[in-house]
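Everything on this sheet refers to the single structure shown next.
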């Protein structure tokens, strides 16, 4: 194994990641969502399978957006003319990212939903002293 060749491959990969972040607004949006999800995972001290699902969802969406951007760039490089197959390739790649984002949203609702509901219930009870009577019923 050629270490120099391996390091060069990592450099190319990082360059690709940086390119996607710099040029694709959706990647930046996904990164904000990823940081938020990971911060919530730390806040709620997730462990085990819950943390694994959050990390998997984050990386799937980021990887999907990277692949989508690569497909769009390759199709755009072929030529500026409209072609049904070019549109289909771009739409299918965007659809894949949408499916991955929906998966991440569903995972977030399953994992964080009950915890956030508990926080809201606690905040409601703390903010309204008369609500303590409701919690006893």
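Residue numbers (this note's numbering): 1 to 137. Don't be surprised by glycine CBs; every beta carbon is placed ideally from N, CA and C. Quantities reported herein were computed from a predicted structural model and do not represent experimental measurements.
(message) Would residue 89 and residue 71 qualify as a contact pair, given that the criterion is a beta-carbon distance under 7 Å?
(response) The residue you call residue 89 lines up with position 89 of the chain shown. The residue you call residue 71 lines up with position 71 of the chain shown. Yes, these two residues count as a Cβ contact at 7 Å.
(message) Using a 10 Å radius around the Cβ and a threshold of 16 neighbouring Cβ atoms, would you call residue 16 buried or exposed?
(response) Here residue 16 refers to the residue found at position 16 when the chain shown is read from its first residue. It counts as exposed.
(request) Determine the closest residue to residue 67 out of 47, 124, 24, 126, with distance taken between C-alpha atoms. (result) As a first step, residue 67 is located in the chain shown; it is residue number 67 there, counting from the start. Of 47, 124, 24, 126, the residue nearest in Cα terms is 24.
(request) Apply the 10 Å Cβ neighbour rule to residue 83 and answer buried if 16 or more other Cβ atoms are within range, or exposed otherwise. (result) Locating residue 83 in the chain shown gives position 83, where the first residue counts as 1. Label assigned to residue 83: exposed.
(request) Determine the direct distance from the alpha carbon of residue 3 to that of residue 9, and round the result to whole angstroms. (result) For the purposes of this step, residue 9 is taken as the residue at position 9 of the chain shown. For the purposes of this step, residue 3 is taken as the residue at position 3 of the chain shown. The alpha-carbon atoms of residue 9 and residue 3 are separated by roughly 10 Å.
(request) Pick out the complete alpha helix (DSSP H) segments inside the segment 34-63, 4 residues or longer, and give them in chain order. (result) none
(request) Have a look at 38, 113, 73 and flag the residue whose alpha-carbon is nearest the alpha-carbon of residue 94. (result) Taking the first residue of the chain shown as position 1, residue 94 is located at position 94. Taking only the C-alpha atoms, the option nearest residue 94 is 73.
(message) Just verifying my parser: in three-state terms, what is the DSSP assignment at residue 16?
(response) Along the chain shown, read from residue 1 onward, the residue named residue 16 stands at position 16. Of the three classes helix, strand and coil, the one that applies to residue 16 here is helix, per DSSP.
(message) Taking the straight line between their C-alpha atoms, what separation do you get for residue 62 and residue 97?
(response) Walking along the chain shown from the start, residue 62 turns up at place 62. Walking along the chain shown from the start, residue 97 turns up at place 97. If I take the Cα positions, the gap works out to 9 Å.
(request) Confirm, please, whether the CB-CB distance from residue 57 to residue 104 is below 7 Å. (result) In the chain shown, counting from the first residue as 1, residue 104 sits at position 104. In the chain shown, counting from the first residue as 1, residue 57 sits at position 57. Yes, Cβ-Cβ distance for residue 104 and residue 57 is below 7 Å.
(message) How far does the alpha helix (DSSP H) with residue 79 in it extend, from its first residue to its last?
(response) Counted from its first residue, the chain shown places residue 79 at position 79. Unbroken run through residue 79: none, as it is neither H nor E.
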